[in-house]
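Participant:
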Amino acid sequence: MKTFFKALGNVFKKPVTTKYPFEQTFIPDDYRGLIGFDENLCIWCRRCEMVCPPGAIVFSQDMEGKQTYHFNRAVCIYCGECVRACPKEGAIFQTAEPAPCALKAENINNGWNKLFDEALASREAYAAEKKRKAAEKAAADKAAAAKKEEENKTGN
Amino acid sequence: MGRQYEIPIGAQHISLLEPLHFKFTTENEKIVATEANVYYVHRGIEQACCSKFKFRQVSFVVGRVCGLCSISHTTAYSQVAEKLLKIEIPLRAKYLRMLVIELDRIHSHLLCLSHVAENSGFEALFMKTMQYREFSMELLEAVCGNRIQYDFSIVGGVARDLKPQVAQSILERLKKFIPQLDELMDIYKNNWTLSLKNKGAGAITKEDAMRLNVVGPFARAAGLAIDVRNETEDLLPWKQVGFEMITETSGDVYARNMVRLRELYVSIRIIENIINGLPESALITETKAFPDGEATVRLEAPRGELFYYAKGNKTQILERLKIKAPTFSNVAAMAEAFTGNEYGSAPAIIASYDPCLSCTAR
Chain A
118 MKTFFKALGN VFKKPVTTKY PFEQTFIPDD YRGLIGFDEN LCIWCRRCEM
168 VCPPGAIVFS QDMEGKQTYH FNRAVCIYCG ECVRACPKEG AIFQTAEPAP
218 CALKAENINN GWNKLFDEAL ASREAYAAEK KRKAAEKAAA DKAAAAKKEE
268 ENKTGN
Chain B
751 MGRQYEIPIG AQHISLLEPL HFKFTTENEK IVATEANVYY VHRGIEQACC
801 SKFKFRQVSF VVGRVCGLCS ISHTTAYSQV AEKLLKIEIP LRAKYLRMLV
851 IELDRIHSHL LCLSHVAENS GFEALFMKTM QYREFSMELL EAVCGNRIQY
901 DFSIVGGVAR DLKPQVAQSI LERLKKFIPQ LDELMDIYKN NWTLSLKNKG
951 AGAITKEDAM RLNVVGPFAR AAGLAIDVRN ETEDLLPWKQ VGFEMITETS
1001 GDVYARNMVR LRELYVSIRI IENIINGLPE SALITETKAF PDGEATVRLE
1051 APRGELFYYA KGNKTQILER LKIKAPTFSN VAAMAEAFTG NEYGSAPAII
1101 ASYDPCLSCT AR
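Chains as they are written, first to last, in the numbering used here: chain A, 118 to 273; chain B, 751 to 1112.
(1) Would you call Phe121(A) buried or exposed, if buried means 16 or more other Cβ atoms sit within 10 Å of its Cβ?
(2) At 8 Å on the CB atoms, spell out the chain B contacts of Ile194(A), in chain order.
(3) Look at the alpha carbon of Thr1046(B) and the alpha carbon of Lys925(B), and state the distance between them as a whole number of angstroms.
(4) Applying the criterion that 16 or more other CB atoms from any shown protein chain within 10 Å of the CB defines a buried residue, is Gly1094(B) buried or exposed?
(5) Asp147(A) touches chain B at which residues, Cβ-Cβ below 7 Å?
(6) In three-state DSSP terms, what is Ile795(B)?
(7) Using 8 Å for Cβ pairs, my map puts Gly952(B) next to Ala1087(B). What's the rounded Cβ distance?
(8) Closest to Ala1075(B) by CA distance: which of Cys816(B), Leu841(B) and Val808(B) is it?
(9) Taking all protein chains shown into account, do 16 or more other C-beta atoms lie within 10 angstroms of the C-beta of Ile795(B), making it buried, or fewer, making it exposed?
(10) Among all the DSSP beta bridges, which residues are the ones paired with Gln211(A)?
(11) Please list, in chain order, the chain B residues whose beta carbon lies closer than 9 Å to that of Val168(A).
(12) Which term fits Met1084(B), buried or exposed, when burial requires 16 or more other beta carbons within 10 angstroms of its beta carbon?
(13) Cα separation between Val133(A) and Pro929(B)?
(14) Determine the direct distance from the alpha carbon of Leu921(B) to that of Phe872(B), and round the result to whole angstroms.
(15) Please tell me whether Pro840(B) and Leu1049(B) are closer than 8 Å, where the distance is taken between their beta carbons.
(16) Can you tell me the Cα-Cα spacing of Met118(A) and Ala124(A), whole angstroms?
(17) What residues from chain B crowd round Phe233(A), counting only those whose CB sits closer than 8 Å?
(18) Quick one: which chain B residues come within Cβ less than 7 Å of Ile124(A)?
(19) Between Glu852(B) and Ile1020(B), what straight-line distance do the alpha-carbon atoms span, to the nearest angstrom?
(20) Considering just the uninterrupted stretch of the alpha helix (DSSP H) at Lys833(B), what are its terminal residues?
(21) Please name the residues in the stretch 178-203 of chain A whose beta-carbon is closer than 8 Å to at least one beta-carbon of chain B, in chain order.
(22) Does Ser1102(B) come out as helix, strand or coil in the three-state DSSP assignment?
(23) Quick check on Gln881(B) - is its C-beta less than 8 Å from some C-beta in chain A?
(24) Find the residues of chain B that neighbour Val133(A), judging by a C-beta separation of less than 7 Å, and give them in chain order.
(25) Would you call the stretch 1054-1068 of chain B and the stretch 955-974 of chain B in contact, with 3 or more CB pairs under 8 Å?
(26) According to DSSP, which residues form a beta bridge with Gly1094(B)?
(27) Going by beta-carbon coordinates alone, are Gln178(A) and Arg249(A) separated by less than 8 Å?
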């Protein structure tokens, strides 16, 4: 009976819940929010990409060897593993800002899968190009060395 | 002998929160036999842990096995991986792990109690319990940075340190929570309406509990003193921080409520002891080794004993990871404990088991 009257008394009290869109909910100071990236500090070791559990970070590479950082906030689980793995302090960091909702226009799932594959392919293409150039250079060096040797022989 | 009817409940049902299927054979509203069916939500997590993810990433994957005892899964995996790597973690990391496990136990037990109240037809008490539970979620958010998936334990230690102001706020909020818990204890213990649904319902004897390998609060309510925190001392020093075994004798829904409520007092004391005596040391042991050999770990999750087995082969990817969740051990006894009860009290009995089928089926 006591409980019944107590429960009835709650009708006249203010709600204990937070009126969310009008009031901000509780967010601690060191909330695990969006991952930030500083291009000027990064040493492009790709360690964050290697440790990321869901694969929310990927680096693409153009033919000159310049790398670009891509991050998907919908795939990220905000564990902070990339921040712990980063050898250069401040290059990748965690902010207290909650991630905004994804819009349909962003095509965040299929678009990301495509981007991920393209990024890996671009790196492979760069590596293949580098290898080809190295092989070409080695062949040219070899040819030059052989020519020089021949010249030496004829000179003698 | 009356006519027998078969009544199914689940895998989707209004009073069931989990994809679990019970088939009751009833005789004039009395349940005479029960058949339980689990494994409706197989997600293939064990296979993913052994093929797709590296061993350091697996601790984040297994955290997603269960939303409620996320920290128990991550800690158990971290411990088993540390055994494979043969490293010892810093003392402060051990204490912080215990702190988060106990905070998690508070919110998990309060959730279970609120569902027992709801399924017994006591909506107001459900709301009240959920209201009092909110503080533990906010504290976990302040400690771990997230409300549900804590990602707090990592292989080798813990991910974050406990800030002094957060520690202070935990102590203050716990002080506020104790009178609220006294109030809940009073209602669950003395309310006459609730006792009609809870006292004597879903009872299991100590002998049956022992025969059917029951674990967790389910076993402790039947008088079986079984708790991993009481048995192992090497991985987490539970007895140093004031662990105490709680048992009841009657083994019914009422006894399970009492075990959970009384365990909350123990959890509060453990948290206070941890914060007051937190040792100073590093947070993480760095190593470049790879997992090798076999290891097992047992850990007391809010629902009972959690078991992890892992096998490594000196590569980044584990060869085998086996998870045995506490609910899996309890399924046989769950089916047994229904016998002789009214069909109408079945929802309250199911809620009092605190089943976590997502953990069981993974």
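No residue lacks a Cβ here, since even glycine has one placed at the ideal position from N, Cα and C. Only a predicted model underlies this, so the values are computations on that prediction, with no experimental measurement involved.
Facilitator: Quick answer:
(1) exposed
(2) Phe810, Gln899 and Asp901
(3) Thr1046(B) and Lys925(B) have their C-alpha atoms roughly 37 Å apart.
(4) By the 16-neighbour rule on beta-carbons within 10 angstroms, Gly1094(B) is exposed.
(5) Gly895
(6) Looking at Ile795(B) - three-state DSSP - the assignment turns out to be helix.
(7) At roughly 5 Å, the Cβ-Cβ gap stays under 8 Å, so Gly952(B) and Ala1087(B) are in contact.
(8) Measuring from the Cα of Ala1075(B), the nearest candidate turns out to be Cys816(B).
(9) buried
(10) DSSP output for Gln211(A) lists Ile152(A) as bridge partner(s).
(11) Lys804, Arg806 and Gln807
(12) buried
(13) It is roughly 17 Å from the alpha-carbon of Val133(A) to the alpha-carbon of Pro929(B).
(14) 31 Å
(15) In this structure, Leu1049(B) does not lie closer than 8 Å to Pro840(B) by Cβ.
(16) Straight-line Cα distance between these residues: approximately 10 Å.
(17) In chain order: nothing, as chain B lies at least about 14 Å away.
(18) Contrary to the premise, residue 124(A) reads as Ala rather than Ile in this sequence. Simply Ala874.
(19) 7 Å
(20) Ser820 to Leu835
(21) Ile194, Tyr195, Cys196, Gly197, Glu198 and Arg201
(22) helix
(23) Interface residue, yes.
(24) Gln881
(25) yes
(26) Looking at the DSSP output, Gly1094(B) sits in no beta bridge, so it has no partner there.
(27) no
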